[in-house]
Ligand code: CP3
């Protein structure tokens, strides 16, 4: 499959992620499918989260809900960053408190037991969901694939539970830095075929979520987080060659060293809400950017959402390489009418 980049039929998001001009700003939202949507809640009242992820018919249905409801410019395949950990040999569960890994990875033996996996065998359902979405959607609405960044996957694999302080994973970093680096490297190795398979199944861009990137110092980010990210992006690019779609990095909380992020090898950067988008793009050497409205802004009124969105767009007026999005995922309890106002305000311009 080829990915033409500058023909008129190339989707707006893909043109923007390549740094090309677009007649209007394209928009999608991180975590655009989920608990704030009634259709999602209906499906979830029937099936557990993991079963939903493994049912391509239902995953495709919930992936399509934000397209049908709001007309966003891309679908993101419904799954979770933690599912590949299961294919690598960990138990992954989800309960009311979020993800739970009852057999976390903490010792040399446990790291050594992590298995690389073939995504066509270990996670076939995500590939089938992507195929279904590509069949269901018009060409102008691309499907986005994704994976967790090694550091963020390690945070869950070592902690076993969501943790604010990350003392489990950072404890490992301080006690056994070489083992920590080895863990990150194994996670990177497994992520390359996982992302490449999503592109082969039809994903038009691939985003790597590094939600915990800002938890470490700049020095630790360079020492531990950067090499596995380079391995992921370099590996995917090598595996897919000329067919490689745009590769996007979301590295939350890294504004203090934003100018270092292009060293990862990503093509485009999804940025959090802390810096104005234009400043972020300047710091990134004019790379394409995606973002970056504060997700809590969607807890205002439709009028305040429109005003905040306008301000964000005015801040990047005249620039190319802009995809409108939030600075992190849609929060639980977000009123759908505020998401509608956000999308409308962007697409109106
Ligand atoms: O963007 C989308 O709509 C696609 C689906 C998607 C989900 N998770 C579905 C989900 C994506 C891209 C993710 C990414 C993800 N998952 C990240 C990175 C981005 C971020 O938000 O920081 C992380 C850290 C995870 C791990 C994870 N999964 C956590 C911490 C939780 C519990 C807290 C929460 O946000 O709900 C999940 C569960 C999860 N993943 C849900 C959904 C819709 C809720 C499951 C439910 O219905 O109970």
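Residue numbers (the numbering used here): 134 to 482. Note that CB positions come from ideal geometry on N, CA and C, so glycine has one too.
Query, Result
"Which residues in the same chain as residue 182 place their Cβ atom closer than 6 Å to its Cβ, once the five residues preceding and following it in sequence are excluded?", "227"
"Using a threshold of 7 Å, is the CB atom of residue 342 nearer than that to any non-hydrogen atom of the ligand CP3?", "yes"
"What's the gap between the Cα of residue 384 and the Cα of residue 481?", "29 Å"
"With respect to 7 Å, is the separation between the Cβ of residue 442 and the closest non-hydrogen atom of the ligand CP3 below this value?", "no"
"Can you check whether the CB of residue 169 is closer than 8 Å to the CB of residue 465?", "yes"
"Quick check on the burial criterion: 16 or more other C-beta atoms within 10 angstroms. Buried or exposed for residue 221?", "buried"
"Hey, how far is the Cα of residue 443 from the Cα of residue 157?", "13 Å"
"Below 7 Å, is the gap between the Cβ of residue 214 and the nearest heavy atom of the ligand CP3?", "yes"
"Write down the C-beta distance between residue 203 and residue 282 rounded to the nearest angstrom, noting that I regard them as a contact closer than 8 Å.", "With a Cβ gap of about 27 Å, residue 203 and residue 282 do not count as contacting."
"Would the C-beta of residue 166 count as close to the ligand CP3, meaning under 7 Å from any of its heavy atoms?", "yes"
"Less than 7 Å between the CB of residue 279 and some heavy atom of the ligand CP3, yes or no?", "yes"
"Taking a contact to mean a Cβ-Cβ separation below 8 Å, would you say residue 381 touches residue 165 in this structure?", "no"
"Helix, strand or coil for residue 136? Go by DSSP, reduced to three states.", "With a pLDDT of only 47 at residue 136, under the threshold of 50, the placement of this residue in the model should not be trusted; the figure read from the coordinates follows. Here residue 136 sits in coil by DSSP."
"Would you mind working out which of 424, 369, 351 sits nearest residue 391, comparing C-alpha positions?", "351"
"Might you give, ordered along the chain, the residues of its own chain that have their beta carbon closer than 6 Å to the beta carbon of residue 406, omitting 5 neighbours on each side?", "425, 427, 460"
"Please specify which runs of the alpha helix (DSSP H), each continuous and at least 4 residues long, are wholly inside the segment 243–305, giving them in chain order.", "252–255, 257–269, 283–292"
"Within its chain, find whatever has a CB closer than 7 Å to the CB of residue 340; leave out the 5 residues flanking it on each side and keep chain order.", "277, 279, 381, 383, 403"
"Spatial neighbours of residue 264 within its chain, please: CB distance less than 7 Å, with the 5 preceding and 5 following residues excluded, ordered by chain position.", "334, 335"
"Assuming residue 262 contacts residue 189 under a Cβ cut-off of 8 Å, what Cβ separation, rounded to an integer in Å, is found between them?", "4 Å"
"Can you find the residues in the same chain that come closer than 7 Å, C-beta to C-beta, to residue 323, ignoring five residues on each side of it along the sequence?", "217, 221, 249, 250"
"Runs of 4 residues minimum, wholly inside the segment 349–406: which ones carry the alpha helix (DSSP H) assignment?", "359–373"
"So the candidates are 319, 469, 329, 349; which of them puts its Cα closest to the Cα of residue 306?", "349"
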